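Colleague: What follows is a structure written as structure tokens; I'll ask about it next.
What follows is the structure in structure tokens.
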């Protein structure tokens, strides 16, 4: 029997869809999530180096986001994890 003194933290990481309608039509509206997989936002820290604080600790993703943009007259929808600190100024907002 082997016992470890390490504690594994299993947090409440959020799962979000991560897709772009330019490359995956199922990402557009109406959304067809059944054709896509979700990602564990806490496992994609390599994409957010700019959100690392001074102690080299990454912020946890706090929202799933949907971005609608028009590029060269084509509407694109991008879904993914979002990192927004919920400070006092943002607590009363329903939308970011």
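In the working numbering, the protein residues as written are 1 to 96. Positions of the beta carbon are idealized from the N, C-alpha and C atoms, including for glycine. All values reported here derive from a predicted model rather than from experimental measurement.
Let me know the secondary structure DSSP gives residue 82 once reduced to three states.
Modeller: DSSP places residue 82 in strand when its eight states are reduced to three.
Colleague: Alpha carbon to alpha carbon, how far is residue 75 from residue 29?
Modeller: Between residue 75 and residue 29, the C-alpha separation is close to 10 Å.
Colleague: In this structure, does DSSP put residue 35 in helix, strand or coil?
Modeller: Note: residue 35 maps to helix in three-state DSSP.
Colleague: By the DSSP assignment, the beta strand (DSSP E) with residue 66 in it spans what residues?
Modeller: Residue 66 -> beta strand (DSSP E) spans 63-71.
Colleague: Pop quiz: residue 19 and residue 79 are said to be a contact at Cβ under 8 Å. What is the actual Cβ separation, rounded to whole angstroms?
Modeller: The Cβ separation is near 5 Å, so the contact holds.
Colleague: Would you kindly work out how many angstroms separate the C-alpha atoms of residue 38 and residue 67, rounded to a whole number?
Modeller: Residue 38 and residue 67: Cα-Cα distance of roughly 16 Å.
Colleague: Looking at the secondary structure, which residues open and close the beta strand (DSSP E) in which residue 27 lies?
Modeller: Premise fails: residue 27 is in no beta strand (DSSP E) and is neither H nor E.
Colleague: Just tell me which of 13, 22, 15 has its CA closest to the CA of residue 71.
Modeller: For residue 71, the nearest C-alpha among the options comes from 22.
Colleague: Work out the CA separation of residue 27 and residue 81 for me, nearest whole Å.
Modeller: Going from the Cα of residue 81 to the Cα of residue 27 covers about 14 Å.
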